[in-house]
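Structure first, commentary second.
Residue numbers (full-length UniProt numbering): 1 to 399.
Quick look at the structure:
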């Protein structure tokens with residue numbers, strides 16, 4: 001082997017190592033099961049240069065709970081029809097403990113059929129994803145179960161897959177198993193958190209608000225009985241009613257403020273912000289855009305504070321700015337809300353209750369800083385600078 005060939009081989013190996021590292025890194029950055037699966041299937045197809053790729057997660061009813069493809073357009077996927085069942089080659093890959101590699105899957109006796117709109121495929125590489133799950137009635141984990149499959153295929157006439165391809169996808173599948181398991185555990189923990197939050201809310205409502213409302217009802221009843229005979233005492237009772245009502249409102253507001261928005265548990269901060277911006281864009285004539293430049297990783301409490309800060313900043317923009325365009329930009333270290341509206345005198349506005357004090361308090365609660373750039377007629381840019389201490393190490397690299 002010549003020096004140039006050796007250099008070329010080393011360069012290809014380094015490039016491939018970077019590709020694998022990037023794929024594994026992308027997988028571990030996501031905590032949603034669906035996102036993890038999407039990254040796995042696209043990474044697998046890219047690593048071996050396949051025409052098509054799919055990842056399937058079997059259910060307990062002979063079908064697939066998830067079956068995500070890459071390389072097939074949305075229109076063609078819809079024409080193919082519903083998710084496949086566990087039959088033919090898919091069933092074979094699920095049943096095998098080792099990868100299946102074929103030059104032409106149609107010639108294999110395990111192949112059955114595919115729908116009319118399905119692309120014609122020949123070369124196949126199928127790799128089971130084997131994960132560890134708690135065994136029934138045992139404290140030890142069962143690591144023999146196939147929790148998913150990765151399927152790679154090429155068009156008719158294209159070359160087949162080789163041993164190196166198989167090793168690459170097996171490596172990817174081993175990392176995928178860990179990522180899928182972690183994502184499932186994360187989603188279950190979020191579900192438990194939602195239940196805990198509902199229970200906490202029920203206790204708060206019962207212990208605080210309900211007791212005050214009960215007292216308010218008694219005072220109102222007493223005032224009604226006293227009104228015909230002792231107007232002065234009735235007026236005193238009505239004063240108590242007013243006080244109790246104000247206290248009940250304050251208690252209820254405190255409970256609502258502390259309540260973690262359900263969307264955060266279901267979708268995470270970034271997707272919740274994206275959905276909120278999309279909704280505002282539909283509801284208003286003003287153009288509202290969202291841009292994610294890099295992942296942002298916050299503690300659970302930090303996510304709530306950021307969401308409420310962005311919502312309040314956007315609300316201020318719509319109420320006061322008369323802007324034509326409002327944008328929300330999310331980066332790892334900062335979140336920016338900008339508009340091209342009227343702008344204002346920030347020094348004067350600080351004394352007139354435009355919500356700036358509330359924004360600064362939320363930023364302080366995050367351990368961050370709020371930067372405000374505005375002037376009459378020049379729009380407004382609100383920037384939340386995030387402090388690294390606000391991040392949650394257990395949710396690192398989350399997109």
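C-beta: ideal position from N, C-alpha, C; glycine also.
Bounds of the alpha helix (DSSP H) holding residue 364 are 356-365. Partner residues in the beta bridge of residue 128, as assigned by DSSP, are 149.
In this structure, 71 is the residue among 58, 63, 64, 71 with its C-alpha nearest to the C-alpha of residue 42. Across the set 44, 297, 281, the C-alpha of 281 shows the shortest separation from the C-alpha of residue 290. Excluding residues up to 5 positions away in sequence, 57, 59 lie with their Cβ nearer than 6 Å to the Cβ of residue 65 in the same chain. Every beta strand (DSSP E) stretch that sits fully inside the stretch 44-110 and reaches 3 residues is listed by chain position as 52-58, 64-70, 100-102. Where residue 301 is concerned, the enclosing alpha helix (DSSP H) starts and stops at 300-316.
When C-alpha distances from residue 99 are compared across 170, 82, 182, the shortest belongs to 170.
Rounded to whole angstroms, the gap between the alpha carbons of residue 333 and residue 360 is 17 Å. Comparing C-alpha distances from residue 54 to each of 342, 62, 34 shows the shortest one belongs to 34. Annotation: the continuous alpha helix (DSSP H) that includes residue 214 extends over 211-226. Per DSSP, residue 369 is one residue of the beta strand (DSSP E) stretching across 369-374.
Close CB contacts of residue 279 within its chain, under the 8 Å cut and outside five residues either way in sequence, are absent. Cβ atoms of residue 372 and residue 356 come within 8 Å of each other, at about 7 Å. Spanning the alpha carbons of residue 324 and residue 68 requires a straight line of approximately 39 Å.
Annotation: residue 104 to residue 121 spans about 8 Å, alpha carbon to alpha carbon. With a cutoff of 8 Å on beta-carbon distance, residue 180 and residue 147 are scored as near each other. Here the alpha carbons of residue 367 and residue 347 stand approximately 23 Å from one another. Excluding sequence positions up to five before and after residue 79, its CB lies within less than 6 Å of the CB of 117, all in the same chain and listed in chain order.
If you draw a 10 Å sphere on the C-beta of residue 195, you find fewer than 16 other C-beta atoms in it, and that means exposed.
Apart from the 5 residues on each side of it in sequence, residue 177 sits with its Cβ closer than 7 Å to the Cβ of 129, 130, 131, 147 in its chain, given in chain order.
Per DSSP, reduced to three states, the secondary structure at residue 384 is strand.
In the DSSP annotation of this structure, the continuous segment of the beta strand (DSSP E) that includes residue 338 starts and ends at 334-339. Following the DSSP letters along the chain, one finds residue 290 inside the beta strand (DSSP E) bounded by residues 287-292.
By the beta-carbon neighbour count (other beta carbons within 10 angstroms, threshold 16), residue 164 is exposed. CA-to-CA, the gap between residue 247 and residue 241 works out to about 10 Å. DSSP, reduced to helix, strand and coil, places residue 117 outside both helices and strands of the structure shown, so it counts as coil. Contact between residue 50 and residue 152 holds: their C-beta atoms lie close to 4 Å from each other, under 8 Å.
Its chain contains 68 as the residues whose beta carbon lies nearer than 7 Å to that of residue 38, once the 5 sequence neighbours on both sides are disregarded; these appear in chain order.
Residue 216 and residue 238 do not touch by the CB rule: their CB atoms are close to 11 Å apart, not below 8 Å.
Apart from the 5 residues on each side of it in sequence, residue 362 sits with its Cβ closer than 7 Å to the Cβ of 305, 308, 309 in its chain, given in chain order. Short of 6 Å from the beta carbon of residue 113, and not among the five residues preceding or following it, lies no beta carbon of its own chain.
Counting along the chain, residue 325 sits inside the beta strand (DSSP E) bounded by residues 325-330. With fewer than 16 other Cβ atoms inside 10 Å of its own Cβ, residue 162 counts as exposed.
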